[in-house]
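2 protein chains.
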Amino acid sequence: MFRLKHLRVDTLGEHVIAIHESSIRTGSLGFNPMDRAHVMGIHPVTGEKREVIGVLSFCRDQLVAPDEIGLVDQAFRDLGLPEGSMVNATLAVAPRSVDLVRAKLRGHRLEREAFDRILSDVVRHRYSRVELSMFVLGCALRGLDTQELADYTRAMIGTGERLEFGPGPIADKHCVGGIPGNRTTMVVVPILASMGLKVPKTSSRAITSSAGTADTMGVIAEVALKPPKLHEVVEKVGGCIAWGGALELAPADDILITVERPMEIDTEAQMVASILAKKKTVGATHVLIDIPVGPTAKVRSLTAAEHLRSMFRAVAEQIDLKLSVITTEARGPIGRGIGPRLEAMDVLSVLKREPGAPMDLREKSLYLAARLLELTGVVPATHGYRAAQQALDSGAAFRKFEEIVAAQGARELPAEAPYRCSVKAPADGRIREVDCWEIARVAKRAGAPANLSAGVRLLHGIGEVVGKDEDLIEIHAESPEQLEFARDYAQTHPQIVTFGF
Amino acid sequence: MFRLKHLRVDTLGEHVIAIHESSIRTGSLGFNPMDRAHVMGIHPVTGEKREVIGVLSFCRDQLVAPDEIGLVDQAFRDLGLPEGSMVNATLAVAPRSVDLVRAKLRGHRLEREAFDRILSDVVRHRYSRVELSMFVLGCALRGLDTQELADYTRAMIGTGERLEFGPGPIADKHCVGGIPGNRTTMVVVPILASMGLKVPKTSSRAITSSAGTADTMGVIAEVALKPPKLHEVVEKVGGCIAWGGALELAPADDILITVERPMEIDTEAQMVASILAKKKTVGATHVLIDIPVGPTAKVRSLTAAEHLRSMFRAVAEQIDLKLSVITTEARGPIGRGIGPRLEAMDVLSVLKREPGAPMDLREKSLYLAARLLELTGVVPATHGYRAAQQALDSGAAFRKFEEIVAAQGARELPAEAPYRCSVKAPADGRIREVDCWEIARVAKRAGAPANLSAGVRLLHGIGEVVGKDEDLIEIHAESPEQLEFARDYAQTHPQIVTFGF
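Written as structure tokens, this is what we have:
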């Protein structure tokens with residue numbers, strides 16, 4: 003018997019169980035770190051039996067005493083017993099579904115039931131990080147055929163909650179990403195909702211980028227809506243722009259991403275399954291996928307985009323989603339701001355039809371809104387752009403945006419960052435391209451997205467001519483150290499902006 | 003600046019760096035657990051700049067205060083600064099060699115220099131567990147051709163120290179494993195050394211088994227010899243039986259094993275490279291590889307054994323090792339005891355030519371010793387068995403064993419385990435097979451190898467006839483709970499022993 007201790011460590015969901023080194027000899031608890039242990043106890047009030055399985059870690063006195071067992075945040079929550087409870091611990095084995103993962107690694111196909119079993123263990127946090135890596139790499143290296151991909155997507159849909167908004171059309175969009183400042187969602191949703199479409203839009207926070215749509219919307223409104231609240235907002239004002247992570251709509255994906263991100267390898271199948279599963283669970287019936295293609299975007303060639311398009315289409319058909327996939331050209335960020343507050347300023351200026359509003363953000367948003375209006379049949383084919391433009395220019399979209407913000411809960415726009423500096427152009431010339439990845443790196447070094455006001459402002463757009471030593475970008479930070487850290491990177495990486503004629 | 007704190011956690015070598023959650027916003031340290039941080043400080047005495055890179059983890063007050071940074075055992079040791087030192091921390095990126103791992107995952111070949119760069123980062127603990135998994139799975143799934151395997155082995159040899167014992171022959175052996183009680187090394191080494199051969203034998207501790215040769219030898223003698231001591235022992239008495247883990251001869255392998263073990267997938271290339279690299283670094287010139295083949299052994303078919311043999315041969319040729327590979331039949335454990343003390347008793351009884359000594363252990367040892375005597379040219383072909391038998395039966399091998407034990411440092415044999423019980427035969431019949439994996443499981447539940455006296459004794463050998471309810475195995479444990487835990491498993495798994503006629 004051990005005394006339960008809550009170790010206040012965030013392991014990104016991995017169940018880690020810490021015992022004192024001296025316990026290795028006294029129990030039947032396993033002898034190597036990364037062996038698995040099963041912890042069991044009785045709830046003092048309900049009398050319910052509670053248990054959790056996790057990966058062992060060995061500590062000394064500082065963290066746990068010899069008679070204690072330490073559970074990190076997620077494991078402690080999942081066990082659900084008060085700190086100090088007496089619990090039993092025994093040696094446990096890996097979940098049986100890991101054998102299915104090994105079969106995939108050996109080159110076997112997986113059936114729907116296999117994906118169900120794997121993902122069901124994944125969402126219960128029963129997979130170690132090594133086993134999660136095995137699954138992601140097995141799917142990436144052995145590949146998934148169309149049927150496997152559809153089965154995998156269905157299994158993902160099955161792991162979480164689902165929202166219902168009655169008979170459609172329910173519109174949704176997704177951008178494959180990698181383009182800083184690409185906040186079209188915040189313009190498209192109010193246009194569509196102002197024309198009567200239901201758009202229960204969920205977005206992600208930044209994973210490796212300087213801001214996700216949820217971070218940018220989070221500057222203006224509450225985005226961590228639970229399913230009943232999201233439902234209420236959409237029923238009331240027709241649309242929302244919420245953070246998907248708060249909804250647990252496809253929880254397996256939130257866990258798999260923890261190993262996918264550091265891998266930085268091509269996991270197209272994971273991406274397609276994850277995107278379409280999330281659209282389906284949010285209740286969407288008509289979905290537009292935007293694949294930006296460019297030398298520094300996530301997708302770098304039209305061939306790659308075409309391959310991705312065919313995967314999206316094949317799965318969408320099997321899970322009964324009406325889908326349109328478009329490719330857009332990406333030679334740099336969209337809009338002028340990069341970082342939550344600066345991007346929100348761009349969006350507001352487009353919605354308010356201000357004179358200096360970034361044209362690229364406006365035009366791309368109108369184009370996407372047009373496609374969705376036509377796909378859902380709200381307007382006849384070829385009438386989409388005019389209809390979208392009217393919704394935006396009449397002010398209807400902005401009024402709808404204000405309704406959405408009010409329904410989600412308005413937030414006060416943070417002040418401009420106190421520390422700012424500019425970086426000068428290293429050469430004369432016309433701006434040909436801006437490296438999406440590198441410019442995001444500068445914004446991240448400045449503190450985005452954690453520091454809402456931090457980021458980068460492009461002082462000139464793609465296609466404009468600048469002179470050597472003219473101010474090229476402006477960095478915003480909340481501390482002088484971060485400002486310096488970002489400026490240093492920008493100045494030593496002149497390739498961020500490509501000049502030409 | 004942060005105050006350095008040593009977190010007494012054993013992460014199996016992974017460099018984990020813990021910061022307080024509140025530090026996420028104030029620095030440029032990364033925003034997600036598993037981002038990498040670079041920690042740097044100046045040594046107060048030597049003035050030397052010291053640095054370490056590790057994977058971030060976020061904690062709350064219990065572990066680190068907002069102005070502290072916590073480093074786990076390995077990272078703290080590698081940084082080499084006193085606790086309380088003031089250190090800088092900044093965001094860092096993955097080692098560049100991870101790009102080579104991604105290339106392997108995409109199907110590219112790796113050159114010698116690529117393996118060098120990867121392993122050099124691995125031994126510096128610069129790879130996260132996810133990246134180690136990527137490398138192991140890349141090699142396992144994409145496969146290594148013969149040249150890659152030889153290059154990989156050479157890179158592994160290059161990561162550690164090397165021992166030199168002058169001109170050969172220097173003999174060594176390795177058993178591919180999975181057979182409990184298979185302690186032939188402890189008989190073979192003294193036979194060979196008594197005939198004048200040099201045998202600097204290193205063995206492993208149990209990884210997933212109930213005992214490794216180093217665990218069993220560790221019952222009788224000190225096995226954690228550092229390279230100078232091992233050298234001295236071999237020069238003095240001709241041979242040793244030491245624990246390889248204390249030598250850092252192929253340190254990359256010790257790190258990769260931490261992810262290979264929980265994967266439990268077929269990583270043949272890893273195994274071949276690791277075994278041959280260790281033989282080469284210990285100075286061996288002539289090596290015998292034993293591949294036990296059986297339904298519950300690690301290698302289950304002669305085809306698989308043949309494939310493995312050809313891999314061993316191809317690499318041995320390229321790194322200039324004289325190699326002989328034999329396959330042996332395995333229908334269960336070798337000897338009667340399973341667990342460190344019980345296996346040591348078997349070995350001693352064979353060396354002392356006691357009447358009840360297990361014949362299978364004696365015969366297999368003589369066979370292996372014979373092959374090595376012939377391979378090294380100490381005796382002419384076909385004369386090996388007689389020569390080995392004479393060395394054993396004359397008592398020369400036992401005297402040599404006592405010399406080896408004395409040179410390494412003798413230990414007192416632990417007493418018999420205080421808690422014992424027997425498990426009865428579930429049926430009449432002749433014992434056809436004993437499941438190697440399952441019987442090891444019983445011994446592990448009883449406490450082996452951590453509890454030296456714990457384990458299982460087979461009361462009847464393969465081929466013997468037993469009656470229903472006759473005592474079949476005896477379990478030894480150091481606590482009643484462990485005895486019960488092991489007995490329960492044995493009684494509910496009658497398939498451990500296969501009966502037939």
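Protein sequences, first through last, are from chains A and B. If you count the first sequence from 1, position 369 lands on 371 in this note's numbering, and the numbers rise without skipping. If you count the second sequence from 1, position 430 lands on 432 in this note's numbering, and the numbers rise without skipping. The beta-carbon is built from N, C-alpha and C at its ideal position, and this holds for glycine as well. Every value quoted in this text rests on a predicted model; they were computed, and no experiment measured them.
Grab me the residues of residue i's own chain with a C-beta within less than 7 Å of its C-beta, minus the 5 sequence neighbours each way, in chain order.
{"i": "K238(B)", "result": "A409"}
{"i": "T187(A)", "result": "K175, K203, S205, T215 and I243"}
{"i": "I267(A)", "result": "A142"}
{"i": "A390(A)", "result": "I193, L368, A371, A372 and L375"}
{"i": "T48(B)", "result": "none"}
{"i": "V407(A)", "result": "I222 and A223"}
Kindly indicate if chain A contains any beta-carbon less than 8 Å away from that of residue i.
{"i": "M136(B)", "result": "yes"}
{"i": "M265(B)", "result": "yes"}
{"i": "S130(B)", "result": "yes"}
{"i": "L143(B)", "result": "yes"}
{"i": "L107(B)", "result": "yes"}
{"i": "V41(B)", "result": "no"}
{"i": "L139(B)", "result": "yes"}
Between residue i and chain B, is there a C-beta pair that is closer than 8 Å?
{"i": "I21(A)", "result": "no"}
{"i": "C61(A)", "result": "yes"}
{"i": "R104(A)", "result": "yes"}
{"i": "Q272(A)", "result": "no"}
{"i": "Q506(A)", "result": "One cannot answer for residue 506(A) here, as it falls past the ends of chain A, which runs 3 to 503."}
{"i": "R10(A)", "result": "yes"}
{"i": "L485(A)", "result": "no"}
{"i": "L112(A)", "result": "no"}
{"i": "V261(A)", "result": "yes"}
{"i": "L151(A)", "result": "no"}
Among the residues of its own chain, which have a CB less than 8 Å from the CB of residue i, if the five just before and after it don't count?
{"i": "G285(A)", "result": "R164, L165, E166, F167, I172 and P202"}
{"i": "S30(A)", "result": "Only weak support is given to the placement of S30(A): the predicted model assigns it a pLDDT of 49, under 50, and the question is left unresolved by the model."}
{"i": "Y387(B)", "result": "L368, Y369 and A372"}
{"i": "M313(A)", "result": "T148, L151, E270, A271 and V274"}
{"i": "R489(B)", "result": "C423, V425 and I477"}
{"i": "K228(A)", "result": "A248 and L249"}
Can you find the residues in the same chain that come closer than 6 Å, C-beta to C-beta, to residue i, ignoring five residues on each side of it along the sequence?
{"i": "F137(A)", "result": "V103"}
{"i": "C61(B)", "result": "A20"}
{"i": "V352(B)", "result": "V189, A359, L363 and R364"}
{"i": "P496(A)", "result": "P428"}
{"i": "V74(B)", "result": "L9, V11, T13 and V18"}
Thinking C-alpha only, which one of the options is nearest residue i?
{"i": "I340(B)", "options": "V95(B), T48(B), N90(B) and I477(B)", "result": "I477(B)"}
{"i": "A307(A)", "options": "I328(A), A318(A), V289(A) and T298(A)", "result": "I328(A)"}
{"i": "K175(B)", "options": "L323(B), S99(B) and D63(B)", "result": "L323(B)"}
{"i": "L249(B)", "options": "K280(B), A223(B), R263(B) and L344(B)", "result": "K280(B)"}
{"i": "E356(B)", "options": "R315(B), F400(B), A332(B) and A223(B)", "result": "F400(B)"}
{"i": "D471(B)", "options": "G162(B), S99(B) and D430(B)", "result": "D430(B)"}
{"i": "D362(B)", "options": "D348(B), L375(B), L374(B) and A372(B)", "result": "D348(B)"}
{"i": "A419(A)", "options": "R459(A), L394(A) and Y387(A)", "result": "R459(A)"}
{"i": "G86(B)", "options": "L9(B), I441(B) and E224(B)", "result": "L9(B)"}
{"i": "S367(A)", "options": "G379(A), I336(A), H385(A) and T378(A)", "result": "I336(A)"}
{"i": "S303(B)", "options": "F314(B), K354(B) and T330(B)", "result": "T330(B)"}
{"i": "C438(A)", "options": "V295(A), L251(A) and A77(A)", "result": "V295(A)"}
{"i": "A208(B)", "options": "G140(B), G180(B) and A318(B)", "result": "G180(B)"}
{"i": "V54(A)", "options": "Y129(A), V66(A), T283(A) and E115(A)", "result": "Y129(A)"}
Q. Taking one C-beta from the stretch 118-134 of chain A and one from the stretch 67-75 of chain A each time, how about it: are there three or more such pairs within less than 8 Å?
A. The stretch 118-134 of chain A vs the stretch 67-75 of chain A: no contact.
Q. Which full runs of the beta strand (DSSP E) of 3+ residues lie inside the stretch 270-322 of chain B, going along the chain?
A. 288-295
Q: May I ask you to verify whether the stretch 309-325 of chain B touches the stretch 413-429 of chain B, counting CB pairs closer than 8 Å and requiring at least 3?
A: no
Q) Okay, do the stretch 145-157 of chain B and the stretch 215-228 of chain B touch, 3+ Cβ pairs below 8 Å being the bar? A) no
Q. Where in the stretch 322-398 of chain A do unbroken runs of the beta strand (DSSP E), each at least 3 residues long, occur, reported from the N-terminal end onward?
A. 324-331
Q. Contact between the stretch 6-24 of chain B and the stretch 436-451 of chain A: three or more CB pairs below 8 Å?
A. With the rule of 3 Cβ pairs closer than 8 Å, the stretch 6-24 of chain B does not count as touching the stretch 436-451 of chain A.
(Q) Give me the subset of the stretch 71-82 of chain A whose CB atoms are less than 8 Å from a CB atom of chain E, sorted by chain position. (A) Protein chains A and B are contained in the structure displayed, whereas chain E is not.
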